[in-house]
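The structure appears right after this line, and notes come after that.
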Amino acid sequence: MSRPAVNAFLLVAAAYMLLPLTWLLFAATKSLPDLYGTPGFAFAHLNLGANLSAVAAEGDGVFFRWYLNSVLYAGLGAGLGGLISVACGYAFDKYDWPGKDQLFGLVLLGVLVPTTATALPLYLLASKIGVVNTFWAVFVPSLVHPFGVYLARVLSAGYVPGEVLEAARSDGADELRTFRSVALPMLLPAYVTIFLFQFTGIWNNFFLPLIMLSDQRLFPLSLGLYSWNTQVTAFPEYSTLVITGSLLSVVPLLLVFVLLQRFWRAGMTAGSVK
């Protein structure tokens, strides 16, 4: 394709991605009458402060409890889950043991299974051990990320030369010390890449919290905003709460990607050039 054609395609793709966010930005600044009485991509009377106050006051500030829950689910889940994925990928790449290829095949099979298909079995397991409607019912499943293990194996092959590991072992480092002090710093771009994937997935997770949680105090943002949205028909004023809350929920994702983008770009290009 010619350069103008490629640029035109990228412009259309960017518009497709940004238009909903742009509409959300306009809508969050409007009062309820202006929301339905003015064009979608036009400012009316600036009402953002009142909307933010309404979100903060609703349910004695339950929105910020949901916000904290999402930060804990996504931040801790992606941080610890990314470390587990990197360790597993490193082990698959650098060690040999009986049945390694077969086990990695099961990991790849896990990549093909959609998360919604595992929600009901996870609920039944959580019910058996008595952790339904607890923080752990949502947090623990988020630590397992088959695609992260696959990606970590690929990135380990691209980032960690075997000669460096042999040199560390020759200096007397055991396997745990070699991984912690030598391999893990070299895998930092890989870890950040996996962290971003997991953080986004956990932050946007909806179906698992929906079936696991009934206590509103444990809801993540996705489920909390959904519970508000179900009341819009009976109480139209919830429209502005949902829209303003949705705008606020995008902020952590933007910050994480902006702050970690240099590691993410490095991770995505690992092994592409010898």
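Just add 108 to the spot in the sequence shown (first one is 1) and you have my numbering.
Beta carbons: idealized from backbone N, C-alpha and C, even for Gly.
Taking 4 residues as the minimum length, the alpha helix (DSSP H) runs contained wholly in the stretch 220 to 270 are 223 to 237, 243 to 247 and 254 to 267, in order along the chain. Going by C-alpha positions, K208 is about 38 Å away from L362.
Around V246, the same chain offers Y181, N313, L316, P317, M320, L321, L326 and P328 as residues with beta carbons nearer than 8 Å, after the five sequence neighbours per side are excluded. In this model, G157 and I310 are separated by some 29 Å (Cα to Cα). DSSP, reduced to helix, strand and coil, places V215 within a helical segment of the structure shown.
A direct Cα-to-Cα measurement between S250 and G332 gives close to 19 Å.
As the crow flies, the alpha-carbon of L127 is around 12 Å from that of A135. In this structure, DSSP gives F314 a state outside helix and strand, which the three-state scheme calls coil.
Counting C-beta pairs with one atom in each stretch, the stretch 162 to 172 and the stretch 213 to 223 have fewer than three that are closer than 8 Å, which means they do not touch. Within the same chain, Cβ atoms closer than 7 Å to the Cβ of L304 are found at V364, F365, L368 and W372, the five residues on either side in sequence being excluded. In this structure, the beta-carbon distance from Y346 to V194 does not fall below 7 Å. The shortest C-alpha to C-alpha distance from S264 to any of G353, G169 and A291 is the one to A291.
Contact between M294 and Y267 holds, since their C-beta atoms are separated by about 5 Å, short of 8 Å.
In the DSSP assignment, P112 falls within the alpha helix (DSSP H) that extends over R111 to A135. Residue T286 holds the alpha-carbon nearest to the alpha-carbon of E271 among A260, V262, T286 and R261.
When the alpha-carbon of S178 is set against those of N337, Q324 and L228, the nearest one is in Q324.
With contacts defined as CB atoms closer than 7 Å, F343 and R261 fail to qualify as a contacting pair.
Counting every other CB atom within 10 Å of its CB across the protein chains shown gives N155 a total of 16 or more, marking it as buried. In the displayed model, L295 falls within coil according to three-state DSSP, outside both helix and strand. Around the beta carbon of F171, 16 or more other beta carbons sit within 10 angstroms, so the residue counts as buried.
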